[in-house]
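Below: the structure, in structure tokens.
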Amino acid sequence: MNAAEALQRLKEGNQRFQQNETLLFTKMQAELRAELAQAQTPFAIILGCADSRVPPELIFDQTLGDLFTVRIAGNVASPAAIASIEYAVAKLGTRLLVVLGHSSCGAVKATLDHLNEPLDLTPSLTALVNTISPAITKTQTLDQAIAANVTHSRQTLTSQSSLLASTSNLQIIGATYSLETGVVTFDE
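In my numbering, the protein residues as written are 1 to 188.
Below you can see the structure in the form of structure tokens.
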């Protein structure tokens, strides 16, 4: 499946999700699990936030084996996330990569708050804030910062991975999920 077909499938799934007409649970059958135990062929990679309100399989109405999902707070392109994505591209042949941000992102909000008034953070939270902070400025609104963070993660993927930068038929796009409406807006 090429990137354009994969993107269309995600858009159709999000439409079903918005209209409460999801297929997810009707497709989870023993035969599917048995088939997937042999191999996986996900049609899209999603680099998304760990936020419990943003499960890619649900918001895109996809089932087992459809998405190669990498979730990390703030949808940042960490070395481990990049390695996982490289595996999906190189070994599984997946050709669509979506960096998925979302409204009210706590990691981006914490970074904005920290830029405006330094917070007392744990070393791990400091590392996360330091990863996000180059993408945003303290004068941005939260929505602007979320969009900038998605763009920054997209750029980091190709600047930190020669494999992702050199895979000619790989499409890397950004998207933002609205917690309020359920709509995913793609940056094509």
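Ideal Cβ placement from N, Cα and C applies to all residues, glycine included.
Note that the coordinates shown come from a computational prediction; the quantities given were computed from them, not determined experimentally.
{"Asked": "So the alpha helix (DSSP H) G106 belongs to, where does it begin and stop?", "Found": "106 to 116"}
{"Asked": "Within 8 Å, do at least three Cβ pairs link the stretch 163 to 181 to the stretch 91 to 108?", "Found": "yes"}
{"Asked": "Only counting the same chain, and skipping five residues up and downstream in sequence, which positions put a Cβ closer than 6 Å to that of A147?", "Found": "none"}
{"Asked": "Leaving out five residues before and five after R16 in sequence, what residues of the same chain have Cβ atoms less than 6 Å from its Cβ?", "Found": "T22, D61"}
{"Asked": "Take the Cβ of A37 as the centre, count every other Cβ of all protein chains shown within 10 Å, and call the residue buried at 16 or more, exposed below.", "Found": "exposed"}
{"Asked": "DSSP beta-bridge partners for R71?", "Found": "G48"}
{"Asked": "Going by DSSP, name the residue or residues bridged to Q171.", "Found": "L96"}
{"Asked": "Is it buried or exposed, T126, if we count other Cβ atoms within 10 angstroms and call 16 or more buried?", "Found": "exposed"}
{"Asked": "List the endpoints of the continuous alpha helix (DSSP H) containing D143.", "Found": "142 to 160"}
{"Asked": "By Cβ distance below 8 Å, which residues in the same chain neighbour I132 in space, the five residues on each side in sequence not counted?", "Found": "G74, V76, A107, V108, T111, N149, H152"}
{"Asked": "Are there 16 or more other CB atoms within 10 angstroms of the CB of T141, so buried, or fewer, so exposed?", "Found": "exposed"}
{"Asked": "Would you mind reading off the limits of the beta strand (DSSP E) that contains F186?", "Found": "184 to 187"}
{"Asked": "Considering only residues of the same chain and omitting the five flanking positions on each side of V129, which have a CB-CB separation below 7 Å?", "Found": "A110, T111, H114, L121"}
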